[in-house]
Ligand SMILES: [Ca+2]
Ligand SMILES: [Ca+2]
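Residue numbers (the working numbering): 140 to 381.
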C-alpha cells in the first residue's frame, strides 16, 4: 500500500468511526483506492456486539503413555464434572489413575473444582487367550502375530514355540521343522521279577537318590529304559524293588 492509499484508507476508517450508531453495524465499506484493481474493504462491528468472556476456568492436565483419554477437552467452568474414558493402545490395558485421581474407575467421574493433573497408567496386556505362550502385548507390539490365533502362519507350530526356537510366527516358510538337535541318553537294563514293581533312582553323589521312574512292572526278564543325560553329564542309577 503506497502512502497516498494508506492515508485515504485511514480517512475512510475515521469516517466510519464517527458514523451514527444505526449506520455503524457490521457494514462493509469500500475505501477509496488509486488502483482500480484493488479494493480495500473494512468491516465495522458495533462495539456492543463484542462478547468478552470474563469467566474463570480450571484446567485439566492428562498424562497418558500407551493410550489416550477422552474427551479431549481440558478447560472447564469450575465445578464441572467430566467423565474421562481411558483407551489403551493395542497391546496395552488400562491399569489405574494416579495424581489428582486414584483407583481404576472406567470411566472416571472427575469434579473439576480446581485445576488438576492426572496420570492414566497403561500396562502391557499379559493375557494369552489363544494359549500360544505369547502375551497379547508380545503378539501385537513385538512379533506382529495374531493374538487370537494359536498358529498365525498356519505352518503347524504355535506362535510361542516358533519365537522361542528362533523362527518367525508370521512366515509359513520359517518353520522349526528344519531344526534338529541331538542329545545323548543312557540305557538302563535290569532284571525284574514277574509280579513285582520297580523304580529307578539316580544320584550324583551316591548319597542322595531321587526318583527317575516308578511302578515299572517286572516281566521275569530284563527291563530296559532310556534316560536322557542332557545337562547332567555325571549321574549314577539304581533299580529298587517297590
Ligand atoms: Ca497369545
Ligand atoms: Ca506357526
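Quick reminder that beta carbons are idealized off the backbone N, C-alpha and C, glycines included.
Discussion item. Please return the same chain residues whose Cβ sits closer than 7 Å to the Cβ of residue 214, not counting the five positions on each side in sequence.
Written reply: 196 and 198
- Query: By how many angstroms is the C-alpha of residue 378 removed from the C-alpha of residue 342?
  - Reply: 12 Å
What are the boundary residues of the beta strand (DSSP E) that includes residue 212? Segment: none, residue 212 is in no beta strand (DSSP E) and carries neither H nor E.
Query raised in the report: Does at least one heavy atom of ligand 2 sit under 6 Å from the Cβ of residue 292?
Result: yes
- Output the residue ranges of the alpha helix (DSSP H) runs that lie fully inside the region 222-308 and measure 4 residues or longer, sorted by chain position. 298-303
Here's the rule: buried if 16 or more other CB atoms are within 10 angstroms of the residue's CB, otherwise exposed. What is residue 134?
The first residue shown for the chain is 140 and the last is 381, placing residue 134 beyond what the model contains.
> Taking 6 Å as the cut-off, does the CB of residue 372 come closer than this to any heavy atom belonging to ligand 1?
Replying inline: no
> With a cut-off of 8 Å, do at least 3 Cβ pairs link the region 277-294 to the region 249-262?
Replying inline: no
Verify the CB distance criterion: does residue 230 have a CB-CB separation below 7 Å to chain D? This model lacks chain D altogether, as it is built from one protein chain only.
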